[in-house]
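What follows is a short report on a single structure.
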Amino acid sequence: MSSGLQQKENQLRQLLSEMRMMEGSTNTLQQRLQQVLAAVSELRMAQSSLGDLKKVESGTNLLVPVGGGAFINAEMGGIDNVVVGIGAGVSIEMQYENAVKDVNNRLSEMEKARVSIEEQLGQILAQLETHQNMAERLSSEIQNAVQGPI
């Protein structure tokens, strides 16, 4: 086997190894993106709910979802304070305005994270495509060298 052919085979192995690593990174980023998108959706719902509830008069009857398609009847109380989850199963009570700011800030951070992840994903996918084209070219060159002239 010629050293040129051996060098091409080594390059191909290296490219394939890098492609596997990129695919792993792509999968990880896609999972992270799904988590961020879920958080964005939840924060948008909280943002909307806080805005809508501020317009509801105290004493108004509400149907409150408790999960699994089940609801309970409740009466609207004051909305001066809001209990907000801060992570790790811990919640704190905040004034309404501070809770709205907190939700808006977290939403902004999640949107920035989404954009960053999408950019990283795009870069890796572009690199992966370049590697794929190089691998196909090398594979073709190796195959032609092994088969010889027809």
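Basically the numbering used here = 1-based index in the sequence shown + 282. Where a beta carbon is used, it is the ideal one built from N, C-alpha and C, also for glycine.
- prompt: Distance, Cα to Cα, Asn324 vs Gln425?
  reply: Counting from one through the sequence shown, the residue named residue 324 turns up at place 42. Counting from one through the sequence shown, the residue named residue 425 turns up at place 143. Per the sequence shown, residue 324 should be read as Glu rather than Asn. Answer to the nearest angstrom: the Cα atoms are 53 Å apart.
query: Which value, in whole angstroms, describes the spacing of the CA atoms of Gln289 and Ala395?
result: The sequence position of residue 289 within the sequence shown is 7, counting from 1. The sequence position of residue 395 within the sequence shown is 113, counting from 1. Each residue's Cα considered, the two are about 41 Å apart.
message: Give me the residue from Arg314, Ser285, Asp334, Glu391 with the minimum Cα distance to Glu400.
response: Here residue 400 is taken as the residue at index 118 of the sequence shown, counted from 1. Measuring from the Cα of Glu400, the nearest candidate turns out to be Arg314.
- prompt: In whole angstroms, what separates the C-alpha of Glu339 from that of Leu319?
  reply: Against the sequence shown, residue 339 aligns to sequence position 57. Against the sequence shown, residue 319 aligns to sequence position 37. Approximately 32 Å between the Cα atoms of the pair.
message: Would the stretch 326-338 count as touching the stretch 409-416 if we require 3 or more Cβ pairs under 8 Å?
response: no
task: Would you kindly check if the distance between the Cβ of Thr342 and the Cβ of Met327 is under 7 Å?
output: Locating residue 327 in the sequence shown gives position 45, where the first residue counts as 1. Locating residue 342 in the sequence shown gives position 60, where the first residue counts as 1. Judged by their CB atoms, Met327 and Thr342 are not nearer to each other than the 7 Å cut-off.
message: Please state whether the Cβ-Cβ distance between Leu294 and Leu410 is less than 7 Å.
response: Your numbering for residue 294 matches position 12 in the sequence shown. Your numbering for residue 410 matches position 128 in the sequence shown. The criterion of a C-beta distance shorter than 7 Å is not satisfied by Leu294 and Leu410.
- request: Can you tell me which of the three DSSP states Ser284 falls into?
  value: Sequence index remark: in the sequence shown, residue 284 carries index 2 (1-based). Residue state, collapsed to three classes: coil.
query: Of the choices Thr308, Ser285, Met301, whose alpha-carbon is the least far from that of Gln402?
result: Against the sequence shown, residue 402 aligns to sequence position 120. If we check each option's Cα against that of Gln402, Thr308 comes out closest.
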